[in-house]
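A short worksheet on the structure shown next.
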Amino acid sequence: MDFDEFTGEIQHRLELPGTGEAVRATRATLLPLGQRIPAENAADFAASLPMEIKWYMTGAVRDHGQRFDWTEFVDRVAEIEGVEPSDAAYHARVVVDLMHTAVPAADFQDLRGQLPESADEENWRELFSIVDAGGWGEAEEVQTGGGPQKSAEAPQWDSQ
Numbered sequence: 315m316d317f318d319e320f321t322g323e324i325q326h327r328l329e330l331p332g333t334g335e336a337v338r339a340t341r342a343t344l345l346p347l348g349q350r351i352p353a354e355n356a357a358d359f360a361a362s363l364p365m366e367i368k369w370y371m372t373g374a375v376r377d378h379g380q381r382f383d384w385t386e387f388v389d390r391v392a393e394i395e396g397v398e399p400s401d402a403a404y405h406a407r408v409v410v411d412l413m414h415t416a417v418p419a420a421d422f423q424d425l426r427g428q429l430p431e432s433a434d435e436e437n438w439r440e441l442f443s444i445v446d447a448g449g450w451g452e453a454e455e456v457q458t459g460g461g462p463q464k465s466a467e468a469p470q471w472d473s474q
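Counting in our numbering, the sequence shown tops out at residue 474, every number present.
What follows is the structure, given as structure tokens:
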């Protein structure tokens, strides 16, 4: 997946008006995520991402391995993105879900291992709620009560 595909997918999933907003949502998520985890883990995790996106978790971060909880993460995302915390939390979940499809499963599990998923205020499980619900398409269907409808006349794509 290249930069344009990644940002285009974020723009589509978040129903944002332009690429700039998609880039801002991505940067707002990845910068504090890179601040939260150790530098070597950030580099490993981001290695499979497009170079421009990888930068937000690695090169743009001066101080890796900071200790802050889910609430502080959401506040940082909201401040960077310039949105309300509830929107910031949703945007971060969508960005992380797309990253789940773009990075190796072992690297994604390593990321989860860096973030405590306990029942207290540091509950990072919230960040992975879309992933845990089966991914964006499945989570969207659960939220809206419907999903993409397939018709008998829909074109069939051949993988040859």
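In this text, a Cβ means the ideal position worked out from N, Cα and C, and glycines have one as well.
Residue nearest to residue i in terms of C-alpha spacing, selected from the options
{"i": "glycine 348", "options": "Pro399, Gly448, Met371, Asp424", "result": "Met371"}
{"i": "phenylalanine 359", "options": "Pro430, Ala447, Met413, Glu440", "result": "Met413"}
{"i": "arginine 407", "options": "Glu319, Ala420, Ile324", "result": "Ile324"}
{"i": "tryptophan 384", "options": "Phe320, Asp318, Glu440", "result": "Glu440"}
{"i": "glutamate 354", "options": "Val375, Phe382, Asp401", "result": "Val375"}
{"i": "glutamate 431", "options": "His326, Phe382, Glu366", "result": "Phe382"}
Contact set for residue i: own chain, Cβ-Cβ below 7 Å, skip 5 residues either direction
{"i": "alanine 357", "result": "Thr372"}
{"i": "phenylalanine 422", "result": "His414"}
{"i": "arginine 426", "result": "Phe442"}
{"i": "proline 364", "result": "Met315, Asp316, Phe317, Phe320"}
Distance CB(residue i)-CB(residue j) smaller than 7 Å
{"i": "isoleucine 411", "j": "tryptophan 438", "result": "Per the sequence presented here, residue 411 reads as aspartate, with isoleucine not at that position. No, these two residues do not count as a Cβ contact at 7 Å."}
{"i": "valine 417", "j": "serine 362", "result": "yes"}
{"i": "threonine 340", "j": "valine 409", "result": "yes"}
{"i": "alanine 336", "j": "leucine 330", "result": "yes"}
Same chain, Cβ closer than 8 Å to residue i, five either side skipped, listed in chain order
{"i": "aspartate 377", "result": "Gln349"}
{"i": "histidine 405", "result": "Leu328, Ala339, Ala342, Thr343, Val391, Glu395, Val397"}
{"i": "glycine 322", "result": "Thr333, Ala336"}
{"i": "glutamate 308", "result": "It is not possible to answer for residue 308, since the shown part of the chain is limited to 315 through 474."}
Own chain, CB closer than 6 Å to residue i, minus 5 neighbours either side, in chain order
{"i": "proline 352", "result": "His378, Gly379"}
{"i": "alanine 403", "result": "Val388"}
{"i": "leucine 429", "result": "Trp438"}
{"i": "lysine 368", "result": "Ala360"}
Unbroken alpha helix (DSSP H) runs of length 4 or more, entirely within the stretch 396 to 430: which are they?
399 to 416, 419 to 428
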